[in-house]
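All remarks here apply to the structure that follows.
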Amino acid sequence: MGRKLLLDKAHIEGIRYYDVYRKNGGYAAAEKALKSMTTDQVLDEVKKSGLRGRGGAGFPTGLKWSFIAKPEGVPRYLVCNADESEPGTFKDRYLMEFLPHLLIEGLLISSYTLGANSTYIYIRGEYAWIPDILEEAIAEAKKNGWLGKNIQGTGFDLEIYVQRGGGAYICGEETALIESLEGKRGNPRLKPPFPAVKGLWQSPTVVNNVETLAAVVPIINIGGEEYAKIGVGKSTGTKLISACGNINKPGVYEIDMTISVEEFIYSEEYCGGIPNGKRLKACIPGGSSVPILPANLLLTTAKGEKRMMNYESLNDGGFATGTMMGSGGFIVLDEDQCVVRHTLSLARFYHHESCGQCSPCREGTGWMKRVLLNIENGKGKMSDIDLLWDIQRKIEGNTICPLGDAAAWPVAAAIRHFRDEFEWHITHPEEALKRNFGLAHY
Ligand code: L3W
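Going by the working numbering, the sequence shown opens with residue 23, and the numbers climb by one from there.
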């Protein structure tokens, strides 16, 4: 049984409410940080913990916080990225729905450390019922002296605001999120300047994912060094994984990053294996943007070692033989799944969600979708496979934000590892159509 730091109290009835959360040790970390630690000491603990951003990029949190500019008389902001829209990813929803005070406590400690007095939770529009849960928890925290003016007599002031997004995936990209928060269309900005220098309303801003900010609570409770002992190498602490697809037990799991991918899929503690005795075909372990891996490469690295559920092992060998931890959206495909259809479904998503600012992404995502649709519907040509490869190559690295890369990587990996399946679709159009239960309408 792996160590639990975020979900250890999730089973307690009523933990969503302040009284129960407080009775079970809630706000102890905030009390410790605000009353007995300087902001530098908190930052030091976060650095020592080795915590990396849990939204997808895995950037060291302490380092990001240390980048925040501190010009005199200019406010600093913390923004919590709750725009969880990556297909296959639903871990932040779980945290916000069941442990809203854990997030608020994390926001309080983080805001204190960064010197932010106004903090925003930007939440995905489709999570329509969660802002009410957050607002209720914020009101409870305020009533009990954890938000507002002079928090617990420490002289620190903080207000937390919840802002609903309009349902655009692109607003999960930090600069698009900031644009949207400012009331504009969510188009990503060019970086640099990074938000840490010029973010919300041109002020220094840190944007962190929900899980990252929640993890600050156990880090302060147990200490950065203790946190860093959990896991392996630069994959410290615990990680939430939202598991879905062809598994017996879909759900949100907290893992310490020392377990193998095989154990995660087959053990009863986690996914519980694949239904109906089917074979594992492939998996996307980190949300739709990261490369798909076939079963052999998923379970074993190119070096012949067991593939582990951590940042380094999942990426072992780069994209030729590896993938990414990403946001932890773990999507399992059994032997009956069609990789072409699956890739088309993702291409459709990225085309729909492209903001249209950069032509390689705006035009390329639609082009890939159309070519894939032809292949899927039995009208493909052999040259389409190389065409797809070419299009994705021209998108990757040529856009302002990572949506372009995110659209390119799934197509590249599908061709890299499942070229024969694309060829089979093209050479056996009628059989492929039957297997796909008719035309795919997109
Ligand atoms: C100051 C510097 N700050 C980097 C900061 C930067 C950002 C963070 C990481 O994309 C990925 C993407 C998706 N001075 C800095 C600096 N920073 N250098 O560090 O930056 P970056 O550019 O590596 O990543 P990103 O733009 O944050 C995120 C992948 O995550 N992904 C996305 C999932 C999306 C969701 C969702 O549902 N919304 O989870 C999954 O894999 O493809 O590659 O804060 O400012 N010198």
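All C-beta atoms, glycine included, are put in the ideal place defined by N, C-alpha and C.
{"Query": "Which term fits Arg441, buried or exposed, when burial requires 16 or more other beta carbons within 10 angstroms of its beta carbon?", "Result": "exposed"}
{"Query": "Expressed to the nearest angstrom, what Euclidean distance is found between the alpha-carbon atoms of Cys119 and Asn230?", "Result": "In the sequence as displayed, the identity of residue 119 is Glu instead of Cys. Straight-line Cα distance between these residues: approximately 18 Å."}
{"Query": "With a threshold of 16 other CB atoms inside 10 Å of the CB of Val96, please say whether the residue is buried or exposed.", "Result": "exposed"}
{"Query": "How would you write the range of the beta strand (DSSP E) that Phe352 sits in, first residue to last?", "Result": "351-356"}
{"Query": "Should Phe89 be labelled buried (16 or more other beta-carbon atoms within 10 Å of its own) or exposed?", "Result": "exposed"}
{"Query": "What residue ranges within the region 137-204 form continuous beta strand (DSSP E) runs of no fewer than 3 residues, ordered along the chain?", "Result": "138-145, 181-186"}
{"Query": "Please report the straight-line C-alpha distance between Leu315 and Thr345, rounded to a whole angstrom.", "Result": "7 Å"}
{"Query": "Using the three-state DSSP reduction, which class does Tyr464 fall into: helix, strand or coil?", "Result": "In this prediction, Tyr464 scores a pLDDT of 47, lower than 50, which makes its location untrustworthy; the coordinate-derived value is nonetheless stated afterwards. Three-state result, Tyr464: coil."}
{"Query": "Identify which residue in Arg146, Lys303, His373 has its Cα closest to the Cα of Ser311.", "Result": "His373"}
{"Query": "On the three-pair Cβ rule with 8 Å, is the region 58-69 touching the region 147-159?", "Result": "no"}
{"Query": "Counting only runs that start and end within the region 195-264, where is the alpha helix (DSSP H) found for 4 or more residues in a row?", "Result": "196-203, 232-244, 246-251"}
{"Query": "Tell me where the alpha helix (DSSP H) around Arg441 begins and ends.", "Result": "425-449"}
{"Query": "Rounded to whole angstroms, what's the CA-CA distance from Thr111 to Gly350? Just pull it up for me.", "Result": "7 Å"}
{"Query": "Quick check: is any heavy atom of ligand 1 less than 6 Å from the C-beta of Val312?", "Result": "yes"}
{"Query": "Check Gly388 in the structure and name its three-state DSSP category.", "Result": "helix"}
{"Query": "For Ser367, which of helix, strand or coil comes out of DSSP?", "Result": "helix"}
{"Query": "Straight-line CA distance for Thr387 to Asn399?", "Result": "18 Å"}
{"Query": "Indicate the three-state DSSP secondary structure (helix, strand or coil) for Leu302 in the structure shown.", "Result": "strand"}
{"Query": "Please indicate yes or no: does the CB of Glu119 lie closer than 6 Å to some heavy atom of ligand 1?", "Result": "no"}
{"Query": "With distances taken from CA atoms, which of Pro109, Lys251, Thr323, Ser225 is nearest Gly340?", "Result": "Thr323"}
{"Query": "Does ligand 1 have a heavy atom nearer than 6 Å to the CB of Ser225?", "Result": "no"}
{"Query": "Suppose contacts are defined by Cβ-Cβ distances below 7 Å. Is Arg186 in contact with Ile145 by that definition?", "Result": "yes"}
{"Query": "Please state the DSSP three-state secondary structure of Glu452.", "Result": "helix"}
{"Query": "What residues are listed by DSSP as bridge partners for Gly267?", "Result": "Val354"}
{"Query": "Within the same chain, show all residues whose beta-carbon is closer than 6 Å to that of Arg301, passing over the 5 residues directly before and after it, in chain order.", "Result": "Glu357"}
{"Query": "Please give me, in chain order, every unbroken run of the alpha helix (DSSP H) with length at least 4 that falls completely inside the region 90-127.", "Result": "113-120"}
{"Query": "Comparing C-alpha positions only, which one of Tyr249, Ile192, Asn298, Trp223 sits nearest to Cys380?", "Result": "Ile192"}
{"Query": "Measuring alpha carbon to alpha carbon, tell me which residue in Val393, Ile437, Cys383, Asn396 is nearest Asn209.", "Result": "Cys383"}
{"Query": "Pull up the CB-CB distance for Leu73 and Gly259, whole angstroms please, since I reckon it's below 8 Å.", "Result": "6 Å"}
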